[in-house]
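Following: one structure in structure tokens, then a few remarks.
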Amino acid sequence: EAGVAQSPRYKIIEKRQSVAFWCNPISGHATLYWYQQILGQGPKLLIQFQNNGVVDDSQLPKDRFSAERLKGVDSTLKIQPAKLEDSAVYLCASSLFRGGNEKLFFGSGTQLSVL
Amino acid sequence: GQQLNQSPQSMFIQEGEDVSMNCTSSSIFNTWLWYKQDPGEGPVLLIALYKAGELTSNGRLTAQFGITRKDSFLNISASIPSDVGIYFCAGRSAGANNLFFGTGTRLTVIP
Numbered sequence: 015e016a017g018v019a020q021s022p023r024y025k026i027i028e029k030r031q032s033v034a035f036w037c038n039p040i041s042g043h044a045t046l047y048w049y050q051q052i053l054g055q056g057p058k059l060l061i062q063f064q065n066n067g068v069v070d071d072s073q074l075p076k077d078r079f080s081a082e083r084l085k086g087v088d089s090t091l092k093i094q095p096a097k098l099e100d101s102a103v104y105l106c107a108s109s110l111f112r113g114g115n116e117k118l119f120f121g122s123g124t125q126l127s128v129l
Numbered sequence: 135g136q137q138l139n140q141s142p143q144s145m146f147i148q149e150g151e152d153v154s155m156n157c158t159s160s161s162i163f164n165t166w167l168w169y170k171q172d173p174g175e176g177p178v179l180l181i182a183l184y185k186a187g188e189l190t191s192n193g194r195l196t197a198q199f200g201i202t203r204k205d206s207f208l209n210i211s212a213s214i215p216s217d218v219g220i221y222f223c224a225g226r227s228a229g230a231n232n233l234f235f236g237t238g239t240r241l242t243v244i245p
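Rendered as structure tokens:
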């Protein structure tokens, strides 16, 4: 079974530029998550989708971050404009069930450096 | 928001030794997950726990869901060099969308 696919693996941009990340979840997984992991910390949830609807985006800085999951499969996360503090690894995860007995599977992440 | 305290922050052990780490929360959880993360990779799920008192093994790894539902433990027996990495606990409270992660335990195994 193929895992969660993410691209690109690395991205270096200057502050105030825009960047987009792409995620393809495990086939059949209805729930998709974007996490931000700052160096030395655990992942922090940015946004959660159930199919193509947003379940939780309370931690998403909506003035600069946006995400969509058209057709309930692939998802993109965008930052516009980027700030220095956005330097982090952006992880996508998917799960088959939401709630009880849920297991999240992560992709390898996109490492973003904002200069 | 939820706070997950994971300890110890780091461990240096000899190959063959057993390892114990734990995670405590400020509120009651109904799900505990343990992950391992290697450099440059995403977290990989090791063990999932869904009931208070549950004890689950995965090879040399054993994890327990604390009776108080506010803590969880992970043990690794007979450590080997490939156990090196950062171990994260993650938990979810009833009815919550968010899975909160601990700050991680960095494990170094000395051959």
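Protein chains in written order, with my numbering: chain C, 15 to 129; chain X, 135 to 245.
Ideal placement from N, C-alpha and C gives every residue a C-beta, glycine not left out.
A quick note: this is a predicted structure, and the numbers were derived from the prediction, not measured.
Problem set entry | For Lys25 (chain C), the three-state DSSP class (helix, strand or coil) | Taking the first residue of the first sequence as 1, we reach residue 25 (chain C) at position 11. Strand, per DSSP.
For this session: Please list, in chain order, all residues of the same chain as Asp70 (chain C) whose beta carbon is under 8 Å from its beta carbon, the five residues on each side excluded.
Result: Numbered from 1 along the first sequence, position 56 holds the residue referred to as residue 70 (chain C). Result list for Asp70 (chain C): Leu59, Ile61 and Gln62, in chain order.
Problem set entry | Proximal residues to Leu179 (chain X) (C-beta, below 7 Å), its chain only, five neighbours per side dropped | The count along the second sequence starts at 1 and reaches residue 179 (chain X) at position 45. If we look at Leu179 (chain X) and ignore the five residues flanking it on each side, its Cβ neighbours are Leu167 and Tyr169.
Problem set entry | Three CB pairs or more closer than 8 Å across the region 50 to 57 of chain C and the region 89 to 102 of chain C | yes
Exercise. Ile40 (chain C): which of C:Leu126, C:Lys117, C:Gln125 and C:Asp77 sits nearest, CA to CA?
Worked result: Residue numbering aside, residue 40 (chain C) sits at position 26 when the first sequence is read from its first letter. Considering only alpha carbons, the answer is C:Lys117.
For this session: Below 8 Å between beta carbons is the criterion; list the residues of the region 175 to 198 of chain X that meet it against any residue of chain C, in chain order.
Result: Glu175, Gly176, Pro177, Val178, Leu179, Ala182 and Tyr184
Exercise. Listed from N- to C-terminal order along the chain, which residues in the region 69 to 83 of chain C have their beta-carbon within a distance smaller than 9 Å of any beta-carbon of chain X?
Worked result: Val69, Asp70, Ser72 and Gln73
Exercise. Is DSSP giving Ser216 (chain X) helix, strand or coil here?
Worked result: Taking the second sequence and counting its residues from 1, one reaches residue 216 (chain X) at position 82. Residue state, collapsed to three classes: helix.
Problem set entry | Spatial distance of Gly198 (chain X) from Ser109 (chain C) (CA atoms) | Translated into positions along the second sequence, residue 198 (chain X) becomes position 64. Translated into positions along the first sequence, residue 109 (chain C) becomes position 95. Gly is not the amino acid found at residue 198 (chain X); the sequence shown has Gln there. When rounded, the separation of the alpha-carbon atoms in Gln198 (chain X) and Ser109 (chain C) is 22 Å.
Problem set entry | For Arg240 (chain X), the nearest candidate out of X:Tyr221, X:Asn192, X:Arg194 and X:Ser191 (CA to CA) | Locating residue 240 (chain X) in the second sequence gives position 106, counting from the first residue. Ranked by how close their Cα comes to the Cα of Arg240 (chain X), the residues X:Tyr221, X:Asn192, X:Arg194 and X:Ser191 have X:Tyr221 in first place.
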